[in-house]
């Protein structure tokens, strides 16, 4: 009964304010489209477009709404990266990744009997060091509100106070819990019960069909509505976070918050078969996506079908090779001199292609022997010259960091052609599970390495690496696709397959989202593949090419939850929400 | 007439007795609770028990060797297989199945009534969860089942019918409080 009441209230509110929007798994519109992991958030974004806001305004509203609708995947305690291309030709990449608190060093962790490892460590003297993944020590300085402020400063047209209003209503009036929400809470019930019992439904996991409200977050949002986002870094909220962290023995201080800034850059550019791609710089996976595409460009993939075992083999091996590179070539560019230009060089890609044996899979036990020499290509050298000079390989620093199927991605385009690809996260589902004023703190500290000689070695104020990669594809200056996905270590694999599906296999975006996915990731010694491939493909991959095939069910959230948009030459945009995560697209009514 | 009355009276006693046996399933405290599959459902069960102030002990990895059946008056197995939970416990589904079957056997041999519960809904109905439930069902004296878990295929209803044991349904996990209160007389 209450469910019906909530639906009725939401419907009446939308009609009374004249915000006529509609949502569905796939939506087409020439007035702008939103695709997000949750229908409430997608509809809020579409309302902003209907009110005359642009794609950046809508993106800000969606980011805040996802903090309500998917509190376990992102929110004020999190971080992310977005890529914006404006109709006037301007392009931005906003790095609002979290950064390590200034007190965090290996020495400090040791003093606190803490470790970046996921298991309890013991030294020779018998001292034990405990993981910080699920406590306040595991939180990095959050960046979401700084990212929102930067985006609005660059290209917003509406006030933050107006954009946060629909999320306040959502948090107060509630939303119907879907299967994804219920499943994620159920899976993490023990850690939420320990750290955030107030989040639960009177002590129990939220169940499908329940009405979820978050009055604490509504109050926090109302406070921010009055003060603006900077209060999180310099105001009352910063003081509260400082006190909360002291009480919980965390490392974040009000000084860390005051010193945090989102970084605005131009996106990294690349090409694939005549399309222009705009992706993020390190410490996220933009260069890796371009490097994989540069290898694939040397194969005529359109001669294959999506389920051809040889196509799967080529793509998977390219993914593995560039994942090996990622582990040495992607980190915080403020701390390391990274060979990004070489990593994304098409000449370098030819040398990587030479490692792919079309008749046999690389032995997974030797993956680490395949680190490339991207440093030799940073000034545009040809592969012929470099290989003839027999440059020596650098030693590989391997970081076996577990990456979670959490995070969230959304895409927006408005009627003018402004586009936003935005990925935000709190790392694991529920992050540290430390809960304050209606939101969870991220556990990004876990993405630093316990290997002190790695490019992920912990330094104070450093941004850890993750695999997220919000991507915008243009042709002749016009947006064609806006793509991104959550999925931890599967993110790059899923993004590459989406791009190959729409560009090489000429699929529509809903077909591309639905097509079963596979993974090329150097931590996985098998070929992890979603159900739906023909038996003959699986048999060929296994028996002829030598892959250790590990078939999952279909659909499986493990392979990510892409929410993507395509734009036809006539400006008609189509949004597709993820079928693996109850995602939705929404648009203003025509 | 007298003969008819006697027959009627005898039938009435039989019928009332039958209905009584059907409707009044009771358990006594203290209860022993364990997980069968290491999903978080067992933890939710303990929250229910705390709320109704049930005297219970929860050991999610209790083995038959370490189990003292004299310390309890019933045993509750919360069924739900979780790859993550099994992984964290360092065991696989075969080891978990062997553990809970041995535990149930020891409880049964010592006269403890055994309850199987499934409280995480359809999302926790997979091959491994069903395997555990079917392996344990021969020992069961009653089932506590979330309605949604049974909705698609009536697996739990069918088990209860075949074994002629009571089945107690609840809609939401919080409603399990009513079931626990009823059977334990709280």
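Chains as they are written, first to last, in our numbering: chain A, 1 to 590; chain B, 1 to 186.
By construction, the Cβ of each residue, glycine as well, lies at the ideal position given by its N, Cα and C atoms.
Neighbour flag for residue i against chain A, beta carbons, 8 Å
i: residue 79 of chain B; result: no
i: residue 8 of chain B; result: Residue placement at residue 8 of chain B is flagged as unreliable, the pLDDT there being 46, under the threshold of 50; the coordinate-derived value follows with that caveat. Not closer than 8 Å to any Cβ of chain A, the Cβ of residue 8 of chain B fails to qualify, so no.
i: residue 96 of chain B; result: no
i: residue 121 of chain B; result: yes
i: residue 106 of chain B; result: no
Interface partners of residue i on chain B, CB under 9 Å
i: residue 193 of chain A; result: 40, 43, 44, 47
Nearest-angstrom Cα separation, counted from residue j out to residue i
i: residue 450 of chain A; j: residue 326 of chain A; result: 17 Å
i: residue 174 of chain A; j: residue 39 of chain B; result: 28 Å
i: residue 431 of chain A; j: residue 140 of chain A; result: 10 Å
i: residue 119 of chain B; j: residue 146 of chain B; result: 5 Å
i: residue 50 of chain B; j: residue 38 of chain A; result: 34 Å
i: residue 620 of chain A; j: residue 265 of chain A; result: Residue numbering for chain A in the displayed model covers 1 to 590; residue 620 of chain A lies beyond these limits and cannot be assessed.
i: residue 70 of chain B; j: residue 94 of chain B; result: 27 Å
i: residue 74 of chain B; j: residue 125 of chain B; result: 25 Å
i: residue 495 of chain A; j: residue 575 of chain A; result: 16 Å
i: residue 53 of chain A; j: residue 362 of chain A; result: 50 Å
i: residue 270 of chain A; j: residue 276 of chain A; result: 6 Å
i: residue 66 of chain A; j: residue 581 of chain A; result: 13 Å
i: residue 291 of chain A; j: residue 68 of chain A; result: 36 Å
i: residue 71 of chain A; j: residue 35 of chain B; result: 28 Å
i: residue 400 of chain A; j: residue 257 of chain A; result: For residue 400 of chain A, the predicted model reports a pLDDT of 45, less than 50, meaning its position is unreliable; a value from the coordinates is still stated below. Computed Cα separation, rounded: 29 Å.
i: residue 67 of chain B; j: residue 100 of chain B; result: 11 Å
i: residue 295 of chain A; j: residue 485 of chain A; result: 21 Å
i: residue 190 of chain A; j: residue 161 of chain A; result: 36 Å
i: residue 233 of chain A; j: residue 261 of chain A; result: 9 Å
i: residue 26 of chain B; j: residue 240 of chain A; result: 50 Å
i: residue 30 of chain A; j: residue 476 of chain A; result: 19 Å
i: residue 509 of chain A; j: residue 181 of chain A; result: 25 Å
i: residue 52 of chain B; j: residue 154 of chain B; result: 29 Å
i: residue 360 of chain A; j: residue 96 of chain B; result: 38 Å
i: residue 28 of chain A; j: residue 511 of chain A; result: 15 Å
i: residue 455 of chain A; j: residue 331 of chain A; result: 6 Å
i: residue 62 of chain A; j: residue 446 of chain A; result: 27 Å
i: residue 146 of chain A; j: residue 279 of chain A; result: 20 Å
i: residue 427 of chain A; j: residue 187 of chain A; result: 16 Å
Amino acids of chain B, ordered along the chain, whose beta-carbon sits closer than 7 Å to that of residue i
i: residue 204 of chain A; result: 44, 47, 173, 174
i: residue 189 of chain A; result: 40, 43, 44
Chain B contact for residue i (CB, 8 Å cutoff)
i: residue 551 of chain A; result: no
i: residue 207 of chain A; result: yes
i: residue 214 of chain A; result: no
Under 8 Å by beta carbon: chain B residues contacting residue i
i: residue 122 of chain A; result: Within chain B, no residue comes near residue 122 of chain A; the closest Cβ sits about 17 Å away, beyond 8 Å.
Within chain A, the residues that residue i reaches when beta carbons sit closer than 8 Å
i: residue 51 of chain B; result: 203
i: residue 84 of chain B; result: 187
*Given a limit of 8 Å on CB to CB distance, which residues of the stretch 157-186 of chain A reach chain B?*
Per Cβ criterion, the list reads 179, 182, 183, 186.
*Do the stretch 461-473 of chain A and the stretch 415-428 of chain A make contact, defined as three or more Cβ pairs closer than 8 Å?*
Contact holds: three or more Cβ-Cβ distances are below 8 Å.
*Is the number of C-beta pairs between the stretch 538-554 of chain A and the stretch 302-309 of chain A that are closer than 8 Å three or more?*
At 8 Å Cβ cutoff, the stretches touch.
*Specify whether the stretch 43-59 of chain B and the stretch 91-107 of chain B touch according to this definition: at least 3 beta carbon pairs, one from each stretch, less than 8 Å apart.*
They do not touch, by the three-pair rule.
*Specify whether the stretch 108-127 of chain A and the stretch 226-234 of chain A touch according to this definition: at least 3 beta carbon pairs, one from each stretch, less than 8 Å apart.*
Remark: fewer than three beta-carbon pairs, one from each stretch, lie closer than 8 Å, so the stretch 108-127 of chain A and the stretch 226-234 of chain A are not flagged as touching.
*Any chance the stretch 161-178 of chain B sits against the stretch 203-213 of chain A, with 3 or more Cβ pairs inside 8 Å?*
Touching, yes, given that three or more Cβ pairs across the two stretches are closer than 8 Å.
*Segment contact flag, the stretch 426-443 of chain A with the stretch 72-84 of chain A, C-beta cutoff 8 Å, min 3 pairs*: Yes, since at least three Cβ pairs between the stretch 426-443 of chain A and the stretch 72-84 of chain A fall closer than 8 Å, the two stretches touch.
*Do the stretch 280-288 of chain A and the stretch 314-331 of chain A touch if we need at least three Cβ pairs shorter than 8 Å?*
Pairwise C-beta distances place the stretch 280-288 of chain A in contact with the stretch 314-331 of chain A, as three or more of them are shorter than 8 Å.
*Kindly confirm or deny that the stretch 361-381 of chain A and the stretch 342-350 of chain A touch, where touching means at least three C-beta pairs closer than 8 Å.*
In short, these stretches touch, since the Cβ pair count reaches three.
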